[in-house]
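Everything below concerns the one structure shown next.
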Ligand SMILES: C[S@@+](CC[C@H](N)C(=O)[O-])C[C@H]1O[C@@H](n2cnc3c(N)ncnc32)[C@H](O)[C@@H]1O
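Residue numbers (UniProt numbering): 1 to 196.
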């Protein structure tokens, strides 16, 4: 199955030279053993069909508001109202182990702490790499990362999905609203050099 799409999402910033992915790209250091452990679902799990890429429900937009903390960068916005608890899109990128970590990446999301596997979307990824942290933008995050499994023939494979938070309010995320998550205090502490 191809990992690279020739159809780019509208507003994909081509000047950044980031490869657009429609599937995860696994590092050669992800052994068959790690892959089996990663893709063994627990008894309670969420299985979804492979989502269509590019996604028709979100749009990458440049941040032009000078008071926005990610001014001059990009963010991800809802193209229509998104219901509470609903699936938005997958977080795609380069799946790697701790031996293979780019310490400078601001796009590296842990997939399995025990296995030491993360997804880095610094150089390749999908629209989800443009999701900003809520701090300085909204009072609370309206979305969150969750483990999810997708059908691959007779098997299932682990992914990280972005979901509308359950407690975001009855209306969910409104059309035009920025989709924001919490990166966690650890992300910001590392950036500022602070200790918890
Ligand atoms: C995963 S990227 C998010 C997308 C990024 N805005 C872009 O255009 O590529 C993470 C980076 O976005 C910026 N960012 C995200 N949320 C932020 C926030 N609440 N305040 C300041 N910077 C933020 C920081 O530069 C951070 O390192």
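Where is the CB? At the ideal position from N, CA and C, for every residue including glycine. The structure presented is a predicted model; accordingly, all values stated were derived computationally and were not measured.
Using alpha carbons as the reference points, say which of the options lies closest to residue i.
{"i": "residue 28", "options": "98, 166, 104 and 169", "result": "98"}
{"i": "residue 69", "options": "134, 179, 156 and 152", "result": "134"}
{"i": "residue 183", "options": "140, 92, 34 and 73", "result": "140"}
{"i": "residue 188", "options": "166, 34 and 136", "result": "136"}
{"i": "residue 18", "options": "155, 167, 169 and 105", "result": "105"}
{"i": "residue 166", "options": "157, 146, 63 and 185", "result": "146"}
{"i": "residue 10", "options": "62, 153 and 157", "result": "62"}
{"i": "residue 33", "options": "153, 186, 116 and 74", "result": "116"}
Between which residues of its own chain and residue i is the CB-CB distance below 7 Å, once the five residues before and five after are set aside?
{"i": "residue 176", "result": "77 and 78"}
{"i": "residue 12", "result": "20 and 60"}
{"i": "residue 164", "result": "82, 83, 84, 85, 86, 88, 142, 143, 172 and 173"}
{"i": "residue 168", "result": "84 and 142"}
Using 8 Å as the cut-off, classify the Cβ of residue i as near or not near the heavy atoms of ligand 1, replying yes or no.
{"i": "residue 63", "result": "yes"}
{"i": "residue 106", "result": "yes"}
{"i": "residue 44", "result": "no"}
{"i": "residue 130", "result": "yes"}
{"i": "residue 133", "result": "yes"}
{"i": "residue 163", "result": "no"}
{"i": "residue 183", "result": "yes"}
{"i": "residue 69", "result": "yes"}
{"i": "residue 73", "result": "yes"}
{"i": "residue 137", "result": "yes"}
{"i": "residue 159", "result": "no"}
{"i": "residue 121", "result": "yes"}
{"i": "residue 80", "result": "no"}
Inspect the beta-carbon positions of residue i and residue j and report whether they are closer than 9 Å.
{"i": "residue 53", "j": "residue 142", "result": "no"}
{"i": "residue 58", "j": "residue 88", "result": "yes"}
{"i": "residue 148", "j": "residue 46", "result": "yes"}
{"i": "residue 161", "j": "residue 90", "result": "yes"}
{"i": "residue 159", "j": "residue 16", "result": "no"}
{"i": "residue 151", "j": "residue 93", "result": "no"}
Leaving out five residues before and five after residue i in sequence, what residues of the same chain have Cβ atoms less than 8 Å from its Cβ?
{"i": "residue 101", "result": "108, 118 and 120"}
{"i": "residue 219", "result": "This structure does not reach residue 219, given that the chain is present from 1 up to 196, and the question cannot be answered."}
{"i": "residue 43", "result": "none"}
Excluding five sequence neighbours on each side, which residues of the same chain lie with their C-beta closer than 6 Å to the C-beta of residue i?
{"i": "residue 26", "result": "95"}
{"i": "residue 131", "result": "76, 179 and 181"}
Step through the CB atoms of chain C and report whether any lies within less than 9 Å of the CB of residue i.
{"i": "residue 172", "result": "The chain inventory of the structure shown lacks chain C, comprising one protein chain alone."}
Q) Taking one C-beta from the stretch 40-56 and one from the stretch 112-123 each time, how about it: are there three or more such pairs within less than 8 Å? A) No, they do not touch.
Q) Does the stretch 78-88 touch the stretch 163-183, meaning 3 or more C-beta pairs lie closer than 8 Å? A) Result yes; three or more Cβ-Cβ pairs closer than 8 Å.
Q: Evaluate the contact criterion for the stretch 100-119 versus the stretch 25-41: three or more CB pairs, one atom per stretch, below 8 Å.
A: Yes, they touch.
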